[in-house]
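The structure under discussion appears below in the form of structure tokens.
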Amino acid sequence: MLGIPRTKRMETLMSDLDQFRSETRAWLEANCPPEMRKPMSSDEDTFWGGRNAKYSSEPQRLWFERMRDKGWTVPHWPKEYGGGGLDGEQTKILRQEMAAISARLPLVSFGISMLGPALLKYGTDAQKQEHLPKIAAGLIRWCQGYSEPNAGSDLASLQTRAESDGDDYLITGQKIWTSYANYADWIFCLVRTDASGKKHDGISFILFDMTSKGVSTKPILLISGKSPFCETFFDNVRVPKSHVLGTVNRGWDVAKYLLQHERAMISGMGERGAGRPLGQIAVDSIGADAQGRLDDAMLRGQIASFEVDEAALACAAERAVDLAKAGQAHPAFSSAMKYYGTELNKRRHEILMSSGGIDALEWESQRSHEGARPRAWLRTKANSIEGGTSEVMLGIVAKRILDLPGA
Amino acid sequence: MLGIPRTKRMETLMSDLDQFRSETRAWLEANCPPEMRKPMSSDEDTFWGGRNAKYSSEPQRLWFERMRDKGWTVPHWPKEYGGGGLDGEQTKILRQEMAAISARLPLVSFGISMLGPALLKYGTDAQKQEHLPKIAAGLIRWCQGYSEPNAGSDLASLQTRAESDGDDYLITGQKIWTSYANYADWIFCLVRTDASGKKHDGISFILFDMTSKGVSTKPILLISGKSPFCETFFDNVRVPKSHVLGTVNRGWDVAKYLLQHERAMISGMGERGAGRPLGQIAVDSIGADAQGRLDDAMLRGQIASFEVDEAALACAAERAVDLAKAGQAHPAFSSAMKYYGTELNKRRHEILMSSGGIDALEWESQRSHEGARPRAWLRTKANSIEGGTSEVMLGIVAKRILDLPGA
Amino acid sequence: MPLLLNEEQTMLRDSARGFIGDKAPVSHFRQLRDAKDATGFSRDYWRTFSEMGFAGLLVPEAFGGSGLGAVEAGVVMEEIGHTLMPSPFLSTAVLGVSALKHGSDAQKADYLPKIADGALLTALAIDEGAKHRPLQTAMKAARSGNGFKLNGAKAFVVDGHTADLLIVAGRSAGAPGERDGLTLFLVDPKAKGISVERTAMVDSHNAARITFDDVEVTADSVLGDVDQGGALLDSVLNIGRGAVAAEMVGLSDEVFGRTVSYLKERKQFGKLIGEFQALQHRAAHLYTEIEVTRAAVLKALQLIDDGAPTAPAAIAVAKAKAGTTATLAVQEGVQMHGGMGMTDQFDIGFFMKRARVCQELLGDSNYHADQLARLKNY
Amino acid sequence: MPLLLNEEQTMLRDSARGFIGDKAPVSHFRQLRDAKDATGFSRDYWRTFSEMGFAGLLVPEAFGGSGLGAVEAGVVMEEIGHTLMPSPFLSTAVLGVSALKHGSDAQKADYLPKIADGALLTALAIDEGAKHRPLQTAMKAARSGNGFKLNGAKAFVVDGHTADLLIVAGRSAGAPGERDGLTLFLVDPKAKGISVERTAMVDSHNAARITFDDVEVTADSVLGDVDQGGALLDSVLNIGRGAVAAEMVGLSDEVFGRTVSYLKERKQFGKLIGEFQALQHRAAHLYTEIEVTRAAVLKALQLIDDGAPTAPAAIAVAKAKAGTTATLAVQEGVQMHGGMGMTDQFDIGFFMKRARVCQELLGDSNYHADQLARLKNY
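Chains B, E, D and L, in that order, give the protein sequences.
The first sequence begins at 81 in the numbering used here and counts up one residue at a time.
The second sequence begins at 81 in the numbering used here and counts up one residue at a time.
The third sequence begins at 59 in the numbering used here and counts up one residue at a time.
The fourth sequence begins at 59 in the numbering used here and counts up one residue at a time.
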């Protein structure tokens with residue numbers, strides 16, 4: 081049973097990938113401007129695309145255009161839609177090589193991270209032809225219209241209604257937590273097309289232009305200050321029925337599929353293991369004792385316990401990817417990771433506040449970068465709410481993984 | 081509004097109490113044998129009374145008899161039932177003076193701590209005359225028959241049935257967790273006298289002799305080793321109907337009243353603040369650094385956090401008594417205290433295990449006093465189960481104090 | 059003494075609650091914040107507060123005050139915690155008075171009546187580094203002629219931007235970390251060499267950074283004894299810690315009350331969210347924590363008033379416990395309010411911000427747990 | 059390398075699971091305990107285990123073993139965690155082999171084939187105080203003639219009462235706390251001056267206290283280099299820590315599985331207790347903790363096999379995390395089983411006892427979190 085010879089068939093495959101890696105490395109070296117090889121430090125450093133897109137610098141434009149031309153704004157999408165046509169291993173290599181030189185993402189958009197996967201799975205050919213290339217090329221900026229004031233965790237109880245009017249729907253209602261709605265060109269949106277049945281039925285997933293008559297937005301101020309979130313209002317907005325993605329009244333399927341992507345994204349939000357160890361950040365402000373240990377023994381213990389958990393979570397995230405690749409992942413596992421990752425990220429920022437002490441309480445001074453630390457801290461409190469609360473995530477794990485009765 | 085003169089009327093009252101205190105002190109000094117002024121170190125040191133009572137020493141006998149003769153085995157009971165007739169303040173002073181010289185309780189019994197209050201509140205004159213003096217004098221040892229194998233937290237779902245047979249009941253069923261059932265003379269017991277209605281109705285609280293035909297007991301081995309708990313079996317045990325305490329089918333009222341006493345008792349179980357600080361116990365086995373701090377910084381932090389909580393709980397316990405005296409206590413508050421006290425006690429023993437390290441893992445050696453520390457640790461795990469689980473306690477707080485819907 | 063408010067304390071609480079709840083609900087604080095008010099609190103309200111006897115609560119009757127103690131200070135602070143009313147009560151009526159009570163007859167006569175009248179505001183300048191570490195005081199207080207010359211910088215000086223009198227901890231001897239060699243000075247903030255920068259804090263309450271550049275003070279301005287300020291400072295800080303702990307009890311209680319109400323009105327999945335057992339248990343746990351904390355804080359304040367030798371340990375317990383409980387309360391509060399709890403439009407975030415500041419103020423939970431361990435010799 | 063078991067590792071797991079689950083379920087352990095078995099494990103089973111290749115799992119092929127690594131050791135340990143099967147696998151096949159692999163050619167040829175055959179049992183004697191602190195080793199190893207003379211006492215020597223060979227950490231130079239000056243010795247437990255006391259442990263597994271009174275050992279019995287045993291010891295301890303962490307993953311998984319089953323069968327208040335949301339959330343949290351821990355442990359074992367410089371930090375993470383997770387798992391397990399969980403008749407208590415011992419074994423969660431902080435320089 082022991083001593084089975086290791087399988088050899090991986091080897092030829094590896095050499096192809098090795099070649100792809102060295103070509104990619106060379107291309108990036110030649111094409112990624114030096115200015116684009118630094119961590120992003122402000123919102124300006126992100127290029128979001130869209131009709132009103134502005135480049136904050138010439139290198140940003142160059143880098144975006146070069147990557148777009150190679151299809152590498154969406155490297156894993158098919159070439160026909162403006163993607164790079166890479167397979168999973170190649171995509172991973174590209175990400176690794178970009179990370180190795182700290183290359184920025186050339187284009188960030190909800191079209192790529194959220195709508196794209198749903199379009200690829202549920203879109204008609206016409207919808208894919210219409211939307212995917214514009215996303216890949218950064219021509220249209222999308223936003224997401226899910227939550228409503230009375231439909232938070234209980235998303236399916238949404239009330240925004242789409243009334244049939246010939247070939248169109250007339251959409252009326254209110255969305256909340258619509259990120260960057262005030263900058264977006266189009267919205268993908270959940271609306272109620274049938275109010276007669278169960279709440280999960282009768283929901284449709286629909287796409288429309290934010291310049292349509294009857295659409296208005298209002299930014300939301302958070303406890304952390306300005307935010308990308310908006311309230312979005314629809315007053316008899318006319319949308320062609322052909323803009324429904326997937327089957328009418330089955331929009332919940334699309335939404336669930338998409339939510340899994342969102343949760344995976346949010347669970348990766350913590351700065352896990354990256355950068356300066358937390359304990360050293362604390363030493364920077366509090367100092368160390370004669371043995372080089374953080375001069376606050378209680379806090380040091382809390383940081384060490386946290387770093388144990390954070391390092392373990394990083395392993396779990398890596399394993400989740402490997403399980404998915406091997407086809408062994410439980411589809412609800414992303415809920416467990418979303419729960420754990422966001423709770424940890426909140427803990428990280430509590431520790432950062434404690435480490436910063438008095439200095440971390442300043443809210444507006446230049447010295448404090450306009451309160452960067454407390455604002456980041458407060459912002460993390462939403463992590464365990466947005467994209468499904470921790471309570472909802474635990475409920476999903478209890479039901480779908482543990483199969484507990486009545487969960 | 082400020083500067084209202086302090087009330088003076090307490091002063092005369094105080095001088096009476098001061099006199100009581102000095103008399104009590106003198107009496108205790110003269111009557112409490114030196115051997116009875118040491119902490120109890122084994123089960124032998126407790127005098128439980130009962131038909132088969134044995135004194136483990138002559139001083140134990142002397143101390144019991146002197147206290148009994150003064151009515152101070154139950155100082156706050158009326159004198160007619162063998163009590164001391166003391167009021168609340170006097171009882172408190174007696175306890176304080178006993179504590180001051182570390183005087184042991186002369187008699188420990190469930191008759192005093194549990195049944196007594198229920199008898200005083202619900203008993204007929206005949207029942208009080210029959211039972212209270214024997215409890216006060218340590219003549220009869222009682223046990224409690226509440227839980228059943230399928231009625232743990234859900235106590236009211238109990239199945240032990242009492243069938244009417246003329247002036248008697250015939251009782252059949254099984255109890256579990258009956259402490260010292262194998263040593264007890266009488267039992268106070270919940271039985272189902274009516275199975276037709278809701279589960280909380282149809283329960284009666286009944287008293288009977290453990291030597292009755294059809295009663296048998298079997299000790300339960302716990303994860304911590306030997307225990308006072310038994311399984312208790314009733315096979316057609318004949319009990320006169322006059323032995324019901326309170327109203328037939330309303331035994332749940334009596335049980336609830338009594339449970340509050342039990343919970344208050346259990347919440348006081350931790351060794352809160354008494355004795356050597358936990359941190360110093362840890363220093364004893366682990367050592368201290370050059371600055372005198374426990375040479376395990378992580379553990380030191382956990383101990384300090386624990387001691388904060390424990391000291392705070394001691395204050396809350398003190399306040400609970402004061403609130404009760406002032407008639408301001410919420411009747412369900414004992415559930416909150418039971419929850420908190422037992423969870424803390426479990427934490428205390430986790431810390432003790434960690435402090436003892438390797439040495440605390442020994443189970444049988446003389447060196448380890450036959451595994452005293454790990455056995456005590458394991459025993460505490462039942463604290464949050466017995467007398468109402470932590471989950472049940474939290475549910476009671478949610479319902480009765482917070483008035484949350486559906487709790 | 060029973061661990062309850064007595065009759066007078068209950069009346070005091072009702073009176074404070076009446077004024078604070080009526081005149082200065084959370085909307086009052088929001089207004090000051092939105093207006094970026096230069097003073098940061100309402101001078102009108104402070105005048106009324108003084109007329110009601112609150113400014114002089116701890117001032118001895120001989121100097122025009124009510125001569126009350128730490129418990130009464132805590133009663134008022136707890137009410138302040140409920141509405142976050144900004145006021146100089148902590149800086150002046152608690153810390154300032156507690157310090158000045160140790161002054162010379164002249165100092166007391168000079169300052170205490172004015173405080174009781176609401177005419178003088180004080181601020182205590184202790185902290186220098188990122189964390190509250192009074193023994194680490196490094197500010198140089200070098201002898202100079204008949205007096206001293208102060209050099210250094212203080213941070214997190216509560217109400218430092220409006221104070222008429224600064225009470226400053228300086229090091230007249232020894233090295234940072236040592237207990238001996240601390241001296242307290244009464245300093246006019248307008249003195250030459252002082253610059254005051256108001257710091258905008260996360261909680262929109264008031265604090266300042268103050269630098270001292272060759273500031274000359276006379277021997278008369280020494281509060282207590284030269285080099286022996288440690289004990290005096292401890293006693294002042296401890297009453298302040300008890301007061302802040304009481305504020306955190308009020309704050310926790312308020313957040314909890316609002317959260318329980320929300321649990322009873324917000325529906326999700328066809329149920330009131332308060333019907334979900336997971337939330338019920340968390341709410342019941344938090345309730346218990348708050349009640350336990352309340353008892354610990356009241357006990358510590360009583361022990362201060364008794365002058366009990368166990369008061370320092372009790373204060374360490376109270377401040378440590380109040381910090382962790384308030385942190386839990388605001389975290390649960392925001393989480394249970396969901397997205398709405400994250401909006402500036404809801405008040406709940408104010409409490410989270412204030413709780414964070416109260417944590418750091420006069421030593422956080424870690425500091426005080428560590429102190430408790432030191433007091434218990436481990 | 060993916061963070062998954064590969065094909066061979068999966069087969070190994072299935073094979074171990076087959077044997078351990080079939081032959082040595084928890085009832086096997088209970089039987090040994092109730093009988094107060096003098097050996098504490100089944101020699102028959104160890105023989106079979108050896109024939110299946112498990113005793114020689116880590117022994118290089120040249121010495122009759124399978125030449126596998128830490129991941130494979132973890133695979134077996136995890137299965138042991140499921141049934142608590144007592145066996146010398148940890149002491150001999152993991153710790154003993156890992157140490158002896160660093161020996162001289164003669165030492166390897168002497169011992170490794172015998173271990174692979176199941177004929178030789180070893181025990182690692184490190185701990186001296188109440189807590190695992192290898193650098194605090196004080197046992198005197200004084201030069202004496204051509205060899206050394208050992209004096210001191212060791213505690214918590216796993217399987218020390220049945221070992222044919224002791225691997226003993228001594229101090230040949232320097233002072234307790236120092237890294238240099240540690241030397242490992244191979245010692246015959248029957249040598250003059252050694253006394254072995256089997257200690258009955260809370261988990262009914264095997265351990266001994268061993269005292270050394272002027273025990274003479276020759277120069278040939280030094281394992282590795284004199285005074286330089288620290289690095290060797292680290293590497294041996296780290297693989298042992300990874301193995302114990304894997305046992306704790308298995309143990310946690312088992313307790314969790316039993317608890318979830320109980321939630322689905324026990325009724326209270328007319329419902330399955332698994333329907334109560336508070337328990338659902340706690341179960342879901344525990345599930346997540348266990349999965350996170352599983353990943354951390356596998357990662358650490360892989361890094362050991364890779365000889366990665368990050369392996370020590372990863373092991374600190376794995377052992378620390380496995381300890382807290384196992385503690386949580388057994389606490390929740392007992393609590394959710396209610397009164398039944400407290401009875402000796404139920405197995406769940408065995409896991410609680412074993413988890414406690416695994417915590418202390420080779421450093422508890424606090425020790426390893428502290429190590430992580432040291433490795434990260436804070």
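Virtual Cβ for every residue (Gly too), placed ideally from N, Cα, C.
Closest by C-alpha distance to E/L393, when choosing among E/A456, E/Q224, E/R428: In the second sequence, residue 393 of chain E corresponds to position 313, counting from 1. Of the candidates E/A456, E/Q224, E/R428, the one whose C-alpha sits nearest the C-alpha of E/L393 is E/R428.
How do the segment 347-360 of chain L and the segment 395-406 of chain B stand: do at least 3 beta-carbon pairs fall below 8 Å, yes or no? Contact between the segment 347-360 of chain L and the segment 395-406 of chain B is present: three or more C-beta pairs spanning the two stretches fall below 8 Å.
C-alpha gap between E/K118 and L/S262, whole angstroms: Here residue 118 of chain E corresponds to residue number 38 of the second sequence, with the count starting at 1. Here residue 262 of chain L corresponds to residue number 204 of the fourth sequence, with the count starting at 1. So the two alpha carbons sit approximately 34 Å from each other.
Please work out which residues of its chain come closer than 6 Å, Cβ to Cβ, to E/A416, disregarding the five sequence neighbours upstream and downstream, and give them in chain order. Taking the second sequence and counting its residues from 1, one reaches residue 416 of chain E at position 336. If we look at E/A416 and ignore the five residues flanking it on each side, its Cβ neighbours are V477.
Taking 7 Å as the CB-CB limit, is D/D60 close to chain E? Residue mapping note: residue 60 of chain D aligns to position 2 of the third sequence, counting from 1. In the sequence as presented, Asp is not what sits at residue 60 of chain D; that position holds Pro. Cβ-Cβ to chain E under 7 Å: yes for D/P60.
Limits of the unbroken alpha helix (DSSP H) element including B/K426: In the first sequence, residue 426 of chain B corresponds to position 346, counting from 1. From DSSP, the alpha helix (DSSP H) with B/K426 extends over 413-436.
Which residues in chain E have a C-beta closer than 7 Å to the C-beta of D/D428? List them in chain order. In the third sequence, counting from the first residue as 1, residue 428 of chain D sits at position 370. Per Cβ cutoff of 7 Å: A384.
Using three-state DSSP, classify D/I14 as helix, strand or coil. Within the shown structure, residues of chain D are numbered from 59 to 436, placing residue 14 of chain D beyond reach of any answer.
So, for B/A400: in the same chain, excluding its five sequence neighbours on each side, which residues have a beta-carbon less than 7 Å away from its beta-carbon? Position 320 of the first sequence, counted from the start, is the residue given in the question as residue 400 of chain B. Excluding positions up to five away in sequence, the list reads A409, F413, M417.
Would DSSP call B/M116 helix, strand or coil? Counting from one through the first sequence, the residue named residue 116 of chain B turns up at place 36. In this structure, B/M116 counts as helix in the three-state DSSP scheme.
Check whether the segment 423-432 of chain D and the segment 327-345 of chain D touch, using three or more Cβ-Cβ pairs below 8 Å as the test. no
DSSP on D/S73, reduced to helix/strand/coil? If you number the third sequence from 1, residue 73 of chain D lands on position 15. Here D/S73 sits in helix by DSSP.
So, is D/R201 buried or exposed, given that buried needs 16 or more other C-beta atoms within 10 angstroms? Locating residue 201 of chain D in the third sequence gives position 143, counting from the first residue. Flag for D/R201 reads exposed.
Separation of L/E137 from L/G308, as counted between CA atoms: For the purposes of this step, residue 308 of chain L is taken as residue 250 along the fourth sequence, with counting starting at 1. For the purposes of this step, residue 137 of chain L is taken as residue 79 along the fourth sequence, with counting starting at 1. If you take the alpha carbons of L/G308 and L/E137, they lie about 6 Å apart.
Cα-Cα separation, E/M349 to L/E236: Here residue 349 of chain E is taken as the residue at index 269 of the second sequence, counted from 1. Here residue 236 of chain L is taken as the residue at index 178 of the fourth sequence, counted from 1. The pLDDT assigned to E/M349 is 44, lower than 50, so where the model puts this residue is not dependable, and the model offers no usable value.
Chain-ordered chain E contacts of B/G367 [CB-CB under 8 Å]: In the first sequence, counting from the first residue as 1, residue 367 of chain B sits at position 287. What B/G367 touches in chain E: nothing, since even the nearest Cβ is about 16 Å away.
Proximity winner among E/L200, E/P186, E/L403, relative to E/Y337 (alpha-carbon distances): Within the second sequence, residue 337 of chain E is the residue found at index 257, counting from 1. The shortest C-alpha separation from E/Y337 is found at E/L200.
Spatial neighbours of D/A374 in its chain, beta-carbon cut-off 6 Å, leaving aside the 5 residues before and after: Taking the first residue of the third sequence as position 1, residue 374 of chain D is located at position 316. For D/A374, where only same-chain residues beyond five positions count, the Cβ hits under 6 Å are H426, Q429, L430.
Counting only Cβ pairs nearer than 9 Å, list the residues of chain B close to E/R380. The residue given as residue 380 of chain E occupies position 300 in the second sequence. Chain B residues near E/R380: A377, M378, G381.
Does the Cβ-Cβ distance between B/V388 and B/A198 come in under 7 Å? On the first sequence, residue 388 of chain B is found 308 positions in, with the first residue counted as 1. On the first sequence, residue 198 of chain B is found 118 positions in, with the first residue counted as 1. Contact flag unset, no.
E/L199 - DSSP class collapsed to helix/strand/coil: Position 119 of the second sequence holds residue 199 of chain E. Correct three-state label for E/L199: helix.
Would you mind listing the alpha helix (DSSP H) stretches within the segment 240-289 of chain D that are 4+ residues and don't spill past its ends, in chain order? none
Using 10 angstroms around the beta-carbon of B/P454, count the other beta-carbons present and answer buried if the total reaches 16, otherwise exposed. Residue 454 of chain B sits at position 374 when you count from the first residue of the first sequence. Per the 10 Å Cβ criterion, buried.
Of the residues L/A358, L/A341, L/D405, the one placed nearest B/I481, counting alpha carbons only: Counting from 1 along the first sequence, the entry for residue 481 of chain B is found at position 401. Closest option to B/I481, Cα to Cα, is L/A341.
Express the C-alpha separation of E/E228 and E/F313 in angstroms, rounding to a whole number. Residue numbering aside, residue 313 of chain E sits at position 233 when the second sequence is read from its first letter. Residue numbering aside, residue 228 of chain E sits at position 148 when the second sequence is read from its first letter. Counting only the Cα atoms, E/E228 lies some 10 Å from E/F313.
What residues from chain L crowd round B/I481, counting only those whose CB sits closer than 7 Å? Locating residue 481 of chain B in the first sequence gives position 401, where the first residue counts as 1. Proximity of chain L to B/I481 at the Cβ level (cut-off 7 Å) is accounted for by Y345, in chain order.
Take every Cβ of the segment 141-161 of chain L, pair it with every Cβ of the segment 297-307 of chain L, and state whether three or more of those distances are shorter than 8 Å. yes
So which residues on chain L does E/A452 lean against when the C-beta distance must stay under 8 Å? Looking up residue 452 of chain E in the second sequence gives position 372. Going along chain L, no residue has its Cβ under 8 Å from E/A452, so there is no contact; the nearest lies around 11 Å.
Between E/L484 and B/Q446, what straight-line distance do the alpha-carbon atoms span, to the nearest angstrom? Taking the second sequence and counting its residues from 1, one reaches residue 484 of chain E at position 404. Taking the first sequence and counting its residues from 1, one reaches residue 446 of chain B at position 366. C-alpha separation (whole angstroms): 46 Å.
Alpha carbon to alpha carbon, what distance is there between D/Q338 and E/Y420? Numbered from 1 along the second sequence, position 340 holds the residue referred to as residue 420 of chain E. Numbered from 1 along the third sequence, position 280 holds the residue referred to as residue 338 of chain D. Looking at the two C-alpha atoms, the distance is approximately 16 Å.
Assess, as a yes-or-no matter, whether the segment 173-181 of chain D is touched by the segment 95-110 of chain D under the definition of 3 or more beta carbon pairs within less than 8 Å. yes
Residues of the segment 461-481 of chain E whose Cβ lies closer than 8 Å to any Cβ of chain L, in chain order: Across the segment 461-481 of chain E, CB contacts with chain L closer than 8 Å involve K461, A462, S464, I465, E466, T469, S470, E471, L474, in sequence order along the chain.
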